[in-house]
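Report on one structure; see the data block that follows.
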Amino acid sequence: MPLELRQVRIFVTVADELHFGRAAAHLRLPPSVVSEQVKKLERLIGVELFDRSHRAIALTSAGSQLVSLGRSLLHDAECFIERARAHEHPGRVLRLGIGLGMGRRLAFILRRLAHAGLSVRTVSVPPRERSALLEAGDLDAAFIRGRVRGSLIAHHVWDDELVAALPEHHPLAAQETVQLADLARSPAALVSQDVNPALHDVLSGGLAALGLRVEVGMRFSTIEATFAELVAHPTPMWTPVFAAYEAEHVYEGISIAAIQPRLTLPAFLAVHHRSGARLQVVIDASRESAAPSGARSASESLL
3 MPLELRQVRI FVTVADELHF GRAAAHLRLP PSVVSEQVKK LERLIGVELF
53 DRSHRAIALT SAGSQLVSLG RSLLHDAECF IERARAHEHP GRVLRLGIGL
103 GMGRRLAFIL RRLAHAGLSV RTVSVPPRER SALLEAGDLD AAFIRGRVRG
153 SLIAHHVWDD ELVAALPEHH PLAAQETVQL ADLARSPAAL VSQDVNPALH
203 DVLSGGLAAL GLRVEVGMRF STIEATFAEL VAHPTPMWTP VFAAYEAEHV
253 YEGISIAAIQ PRLTLPAFLA VHHRSGARLQ VVIDASRESA APSGARSASE
303 SLL
């Protein structure tokens, strides 16, 4: 039985969500189909990808190692199709690298680009991979927060504010605004520094200005999984998240608080070559997406 890209896509989605029902909703498939396809993939490769022995599923050791390969496989398949289409319709599709936490901005930007007649394919990968894909010519542009490699051309488009996500049993959970120095008294759930160095830079820099250091309590994986762990863990911990993303989501057992002093990450649209006309449209739409919602609504009414 040959390996099917559909099975790999389902596996990666379940790995992201760590929930068969949410993965099924994301893929617009019945949960039974998602579960069946994962089992078929496990039988094909001869290893279990998920530990189903508890109420919440988790990746096995093999699953954790294979999920990144699965993402690469899906990306390579998309590049294969994209390059074939590019030969047939040169300049037709703009390949745009994106990440988590863009909130309503992404929808606004894509609507703007569609109105301008641009066809866009978004590619969601970690920051370091976005830079590598840009340098390899597999992306036309990418949103990158914080550090941008010197070989790339960076256009500043907005600033992202960080807020604190805290479980309800955290001593600071009832506060609308928390002091960074107070947050530093409890461990944080953080993504590893090699995955998101810019986030570590801004958090460490903010704490260093107060003569403090961050204590890592556990590793951040996905929003859903990390929030679930924060709620269940007996030790009060917190995690920094992007305000633009959290403004649109509510999670049971998690409260969101503004941080003082404010912590912000600059966001850039990075490109490998000097911007052409269509990339200038992306830059303009990105900067406009950061305008106050009232100003955005007024400009959208002109479309």
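Take any residue in the sequence shown, note its place counting from 1, add 2, and you have its number in this note's numbering.
We treat Cβ as the ideally placed atom computed from N, Cα and C, and that holds for glycine.
How long is the line joining the alpha carbons of residue i and residue j, rounded to whole angstroms?
| i | j | result |
| --- | --- | --- |
| Ala297 | Ala79 | Confidence at Ala297 is low in this model, with a pLDDT of 37, below 50, so its placement is unreliable and no value can be given for it. |
| Gly255 | Val233 | 6 Å |
| Pro309 | Arg187 | Limits of the chain in this structure are 3 at one end and 305 at the other, which puts residue 309 out of reach. |
| Gly208 | Pro263 | 8 Å |
| Ala27 | Leu61 | 19 Å |
| Asp162 | Glu50 | 39 Å |
| Arg45 | Ala246 | 41 Å |
| Arg149 | Leu115 | 26 Å |
| Arg151 | Ala17 | 29 Å |
| Arg123 | Arg107 | 16 Å |
| Arg280 | Glu170 | 46 Å |
| Leu174 | Val197 | 28 Å |
| His172 | Ala166 | 11 Å |
| Ile146 | Gln39 | 34 Å |
| Pro238 | Gly105 | 27 Å |
| Leu265 | Ser63 | 35 Å |
| Ile258 | Leu5 | 42 Å |
| Leu135 | Gly103 | 20 Å |
| His274 | Pro129 | 15 Å |
| Arg215 | Ser206 | 6 Å |
| Val252 | Phe82 | 38 Å |
| His77 | Gln177 | 42 Å |
| Glu226 | Val283 | 34 Å |
| Leu304 | His117 | Low per-residue confidence applies at Leu304: pLDDT is 29, beneath 50, and the placement is therefore not dependable enough to give any value. |
| Lys41 | Arg113 | 38 Å |
| Ala200 | His158 | 15 Å |
| Glu231 | Ser291 | 33 Å |
Pick from the options: whose alpha carbon is nearest that of residue i?
| i | options | result |
| --- | --- | --- |
| Gly219 | Gln181, Val159, Thr241, Val14 | Thr241 |
| Ala138 | Ser223, Ala183, Gly99 | Gly99 |
| Leu120 | Leu61, Asp142, Phe52 | Asp142 |
| Arg30 | Glu50, Arg45, Ser188, Arg8 | Arg8 |
| His56 | Asp196, His202, Leu20 | Leu20 |
| Leu71 | Asp53, Val10, Arg114 | Val10 |
| Leu182 | Ala211, Pro169, Val197 | Ala211 |
| Leu154 | Glu170, Val36, Arg132 | Arg132 |
| Val69 | Ser223, Phe244, Thr266, Glu231 | Ser223 |
| Trp160 | Ile285, Pro169, Pro32 | Ile285 |
| Gly213 | Val165, Pro199, Asp184, Glu170 | Asp184 |
| Pro268 | Pro4, Ala156, Val40, Ser34 | Ala156 |
| Leu164 | Phe82, Arg130, His202 | His202 |
| Leu271 | Pro32, Ala144, Leu136 | Ala144 |
| Arg289 | Gln195, Pro199, Pro189, Phe110 | Phe110 |
| Ser194 | Thr15, Ala25, Glu217 | Glu217 |
| Val95 | Phe244, Ser37, Asp140 | Asp140 |
| Ser66 | Ala287, Arg24, Thr15 | Thr15 |
| Val204 | Phe244, Gly101, Thr179, Leu168 | Phe244 |
Based on DSSP bridge pairs, tell me the residues matched to residue i.
| i | result |
| --- | --- |
| Arg268 | The sequence given here places Pro at residue 268; Arg does not occur at that position. DSSP, once it has assigned bridges, lists Asp161 as partnering Pro268. |
| Phe52 | Leu61 |
| Ile261 | Val180 |
| Ile100 | Ser126 |
| Ile256 | Pro169 |
| Val95 | Ser121 |
| Thr241 | Ala167 |
| Arg221 | Leu192 |
| Val273 | Ile155 |
Since residue i and residue j are thought to touch, with beta carbons under 8 Å apart, how far apart are those beta carbons, to the nearest angstrom?
| i | j | result |
| --- | --- | --- |
| Phe13 | Leu43 | 6 Å |
| Thr228 | Ala260 | About 20 Å separates the two Cβ atoms, so there is no contact after all. |
| Ile47 | Asp53 | With 8 Å as the limit, Ile47 and Asp53 do not qualify as a contact, their Cβ atoms being about 16 Å apart. |
| Arg97 | Val125 | 6 Å |
| Val35 | Ala25 | About 11 Å; that fails the 8 Å criterion. |
Any beta strand (DSSP E) of 3 or more consecutive residues that is wholly inside the stretch 129-217: 143-147, 155-169, 179-181, 190-192
Entirely enclosed alpha helix (DSSP H) segments - the stretch 25-52, minimum 4 residues: 33-47
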